[in-house]
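The structure appears below as structure tokens.
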Amino acid sequence: MANLIGGITSSHIPAVGIATSKGLFDDPYWKPFFDGYVPVRAWMEEKKPDVVVLVYNDHGLNFFLDQMPTFAIGAARAYDNADEGWGLKTMPPVPGDPELSWHIIETLVKNEFDPTICQEMKVDHGLVVPLQVIWPDADDWPVKVVPVAVNTVQHPVPSAKRCYDMGKVIGDAIRSYDEDINVAVFGTGGMSHQLQGQRAGFINKRFDLDFMDKMIDRVGELTRLSTTDFIRDSGSEGVELIMWLVMRGAMGDKVTLKHANYHAPISNTGAGVMVLEPTE
Amino acid sequence: MAWTKKDYDDIPGTFVFDGRRSLMGWPLNKMCMSLNDEENREALRQDVEGYCKRFDMSDEQIQAVKDLDALAMMRLGGNIYYMAKLAGAYGLSVQDVGAQMRGVTVEQFKEMLLEQGREEV
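Top line first, the protein sequences correspond to chains F and D. So the first sequence is numbered by the numbering used here: it starts at 26 and just counts up by one. So the second sequence is numbered by the numbering used here: it starts at 35 and just counts up by one.
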């Protein structure tokens, strides 16, 4: 059976991809952020995931407002990255694991979650940047990926609780997958930020740190947050934090915190990285 | 026809991109989405008005794009993720656009971000 080795939270902001490509690891602005990834890289080296189930949102590369799925899962052999319009380097295609994708899809639908199934899908910085920052030196992607896209662009977006509950089923699916592989789950995006309106630039450090604390053993307080709570307290784009809850759901009731780091600001956001392992 | 009142409508300085805004902003956002292609970015820069007209945008939306007025675009249904592609076509970053909407210089905007990071909690 597959082994669910743990979960990561990570920022996926484009500026991180650019700074990683430029190797700005010791730059004074970036160092407190990148240093937070050193233990994550060591954990990956030790645990050696074969596949990452990566929860992210598309910002206008694959999906547009013509057809916007609330949840979509990739089931392809590979996923192309492409020009997003503002100068981020196009990265090599990301390999997929279609058999695991279909097992997760089948488990979800059996449990009354009905995602859109994508056999051809481009992946944007939301998916690529977390891989890039964890494996900056890799010539080729060292893991296969199952992309799980969540609509955080057009409201109504799914509730925190819905995301957490879907994560629980994804966790069950991984643990029941009949192949001897190591699987990690990434919840990406956030933390507090607002890119738009007169309140652009809003960051809420207190909210972010509290959120990270509650991710460990008080997740029930997070799944009760409404979309409006997120918009008000973590900024309009801070609502991306619902994707962390998909990962948290997959970990099961109890987790052990292996590492956490918070730094703000990076570009316009608070950036939190965590490594959680399911507690036996 | 009526739009349901939302409990996020009164959050200050915030445009929640919901059905009402998505319907209103459709042609503007569709134009922005097309800017994933360099060829289209070039066509826009060559002739802003002509390019925007291909998408059936309103006169107000076209004027907002000509002025690169982000707040006006937000009011006309623009979505910030797609607008970022328009900004990119002109070499502007999300911080340039954020500063413009907040009504401060980019330097002041960056300082304000750093200030929030330094806050004791």
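From the three backbone atoms N, C-alpha and C, an ideal C-beta is built for every residue, glycine too. Quick caveat: nothing in here was measured; it's all calculated off a predicted structure.
Secondary structure of residue i, DSSP reduced to three states
{"i": "F:T115", "result": "coil"}
{"i": "D:K64", "result": "helix"}
{"i": "D:Q80", "result": "helix"}
{"i": "F:F89", "result": "strand"}
{"i": "F:K169", "result": "strand"}
{"i": "D:G53", "result": "helix"}
{"i": "F:F96", "result": "strand"}
{"i": "F:P290", "result": "strand"}
{"i": "F:A177", "result": "Rather than Ala, the amino acid found at residue 177 of chain F in this sequence is Thr. Note: F:T177 maps to coil in three-state DSSP."}
{"i": "F:H84", "result": "coil"}
{"i": "F:S259", "result": "helix"}
{"i": "F:A107", "result": "coil"}
{"i": "F:E302", "result": "strand"}
{"i": "F:S274", "result": "One detail in the question is off: residue 274 of chain F reads as Gly in this sequence, not Ser. Here F:G274 sits in helix by DSSP."}
{"i": "F:S46", "result": "helix"}
{"i": "F:H37", "result": "coil"}
{"i": "F:N207", "result": "strand"}
{"i": "D:T38", "result": "coil"}
{"i": "F:V77", "result": "strand"}
{"i": "F:G147", "result": "The question names Gly, but residue 147 of chain F is Lys in the sequence shown. Coil."}
{"i": "F:N136", "result": "coil"}
{"i": "F:L152", "result": "helix"}
{"i": "D:G122", "result": "helix"}
{"i": "F:I228", "result": "coil"}
{"i": "F:K279", "result": "coil"}
{"i": "D:N156", "result": "Only positions 35 to 155 of chain D appear in the structure, and residue 156 of chain D is not among them; the question remains open."}
{"i": "F:A185", "result": "helix"}
{"i": "F:P120", "result": "strand"}
{"i": "F:G215", "result": "coil"}
When the options are compared against residue i, the one with the closest alpha-carbon
{"i": "F:V264", "options": "F:A225, F:Y104, F:V182, F:D75", "result": "F:V182"}
{"i": "D:E149", "options": "F:I228, F:N82, F:M237", "result": "F:I228"}
{"i": "F:M69", "options": "F:S261, F:T304, F:V208", "result": "F:V208"}
{"i": "F:M146", "options": "F:D164, F:D83, F:H180", "result": "F:D83"}
{"i": "D:M65", "options": "D:F51, D:A121, D:G151, D:T48", "result": "D:A121"}
{"i": "F:M268", "options": "F:G192, F:I38, F:F50", "result": "F:G192"}
{"i": "D:D101", "options": "D:R88, D:D90, D:V131, D:E76", "result": "D:V131"}
{"i": "F:I159", "options": "F:K73, F:R102, F:P303, F:T253", "result": "F:K73"}
{"i": "F:I256", "options": "D:D44, D:W37, D:M35", "result": "D:D44"}
{"i": "F:K56", "options": "F:T304, F:F138, F:P290", "result": "F:P290"}
{"i": "F:Y189", "options": "F:T253, F:V65, F:R273", "result": "F:R273"}
{"i": "D:E141", "options": "F:V298, F:S292, F:V300", "result": "F:S292"}
{"i": "F:E109", "options": "D:A104, D:E72, D:E153", "result": "D:E72"}
{"i": "F:K169", "options": "F:S217, F:P123, F:H37", "result": "F:P123"}
{"i": "F:I38", "options": "D:Q129, D:G151, D:R55", "result": "D:Q129"}
{"i": "F:F58", "options": "F:G42, F:N286, F:E305", "result": "F:N286"}
Burial state of residue i (16 or more Cβ within 10 Å)
{"i": "F:S201", "result": "exposed"}
{"i": "F:R249", "result": "exposed"}
{"i": "F:K279", "result": "exposed"}
{"i": "F:K230", "result": "buried"}
{"i": "F:M26", "result": "exposed"}
{"i": "D:W37", "result": "exposed"}
{"i": "F:D233", "result": "buried"}
{"i": "D:Q134", "result": "buried"}
{"i": "F:G112", "result": "exposed"}
{"i": "F:V171", "result": "buried"}
{"i": "F:Q219", "result": "buried"}
8 Å contact criterion, which residue i and residue j should meet: CB distance rounded
{"i": "F:L90", "j": "F:Q179", "result": "6 Å"}
{"i": "D:K119", "j": "D:M67", "result": "7 Å"}
{"i": "F:G121", "j": "F:A97", "result": "About 14 Å; that fails the 8 Å criterion."}
{"i": "F:D164", "j": "F:N87", "result": "Contact flag wrong, Cβ pair sits at about 25 Å."}
{"i": "F:G31", "j": "F:V298", "result": "So it is not a contact: roughly 13 Å between Cβ atoms."}
{"i": "D:N74", "j": "D:Y116", "result": "Going by Cβ atoms, the distance from D:N74 to D:Y116 rounds to 13 Å, so no, they are not a contact pair."}
{"i": "F:F236", "j": "F:L282", "result": "Not quite, the Cβ-Cβ distance comes to about 14 Å (not below 8 Å), so this is no contact."}
{"i": "F:F211", "j": "F:L79", "result": "5 Å"}
Residue i: contacting residues in chain B (beta-carbon distance under 8 Å)
{"i": "F:H84", "result": "Absent from the structure is chain B; the protein chains it does hold are F and D."}
Just by C-beta distance, which residues in the segment 137-148 of chain D are closer than 9 Å to chain F?
Answer set for the segment 137-148 of chain D: G137, V138, F143, K144, M146, L147, L148.
Could you please tell me which residues of the segment 276-302 of chain F, in chain order, have their CB closer than 8 Å to any CB of chain D?
Within the segment 276-302 of chain F, the residues whose Cβ lies closer than 8 Å to some Cβ of chain D are H288, A289, P290, S292, N293, G295, listed in chain order.
Which residues of the segment 36-50 of chain D have a Cβ closer than 9 Å to any Cβ of chain F? Give them in chain order.
So the close ones are K40, D41, Y42, I45, P46, G47, T48, F49, V50.
Within 9 Å of chain F by C-beta, residues of the segment 102-132 of chain D in sequence order
Contact residues of the segment 102-132 of chain D toward chain F are A104, L105, M108, G112, N113, I114, Y115, Y116, M117, A118, K119, L120, A121, G122, A123, G125, L126, S127, V128, Q129, V131, G132 (C-beta to C-beta distance below 9 Å).
Along the segment 53-65 of chain D, where does the CB come closer than 8 Å to a CB of chain F? Name the residues.
Close to chain F, meaning a Cβ-Cβ distance shorter than 8 Å, are the following residues of the segment 53-65 of chain D: G53, S56, W60, N63, K64.
Listed in chain order, which residues of the segment 191-224 of chain F have Cβ atoms closer than 8 Å to some Cβ of chain D?
So the list reads Q219, L220, Q221, G222, Q223, R224, given in the order they occur along the chain.
Against chain D, which members of the segment 247-270 of chain F pass a CB distance test of less than 7 Å?
Listed by position, the residues of the segment 247-270 of chain F near chain D (Cβ gap below 7 Å) are T253, I256, R257, S261.
Using a Cβ-Cβ cutoff of 8 Å, what residues of the segment 107-129 of chain F are near chain D? List them in chain order.
Against chain D - using a Cβ distance shorter than 8 Å - the residues of the segment 107-129 of chain F are A107, D108, E109, G110, W111, G112.
At a CB distance below 7 Å, what residues from the segment 232-248 of chain F approach chain D? Give them in sequence order.
Cβ contacts with chain D: L234.
Using a beta-carbon distance cut-off of less than 8 Å, what residues from the segment 70-85 of chain D approach chain F?
In summary, the residues of the segment 70-85 of chain D whose CB is separated from some CB of chain F by less than 8 Å are N70, D71, E72, R75, in the order they occur in the chain.
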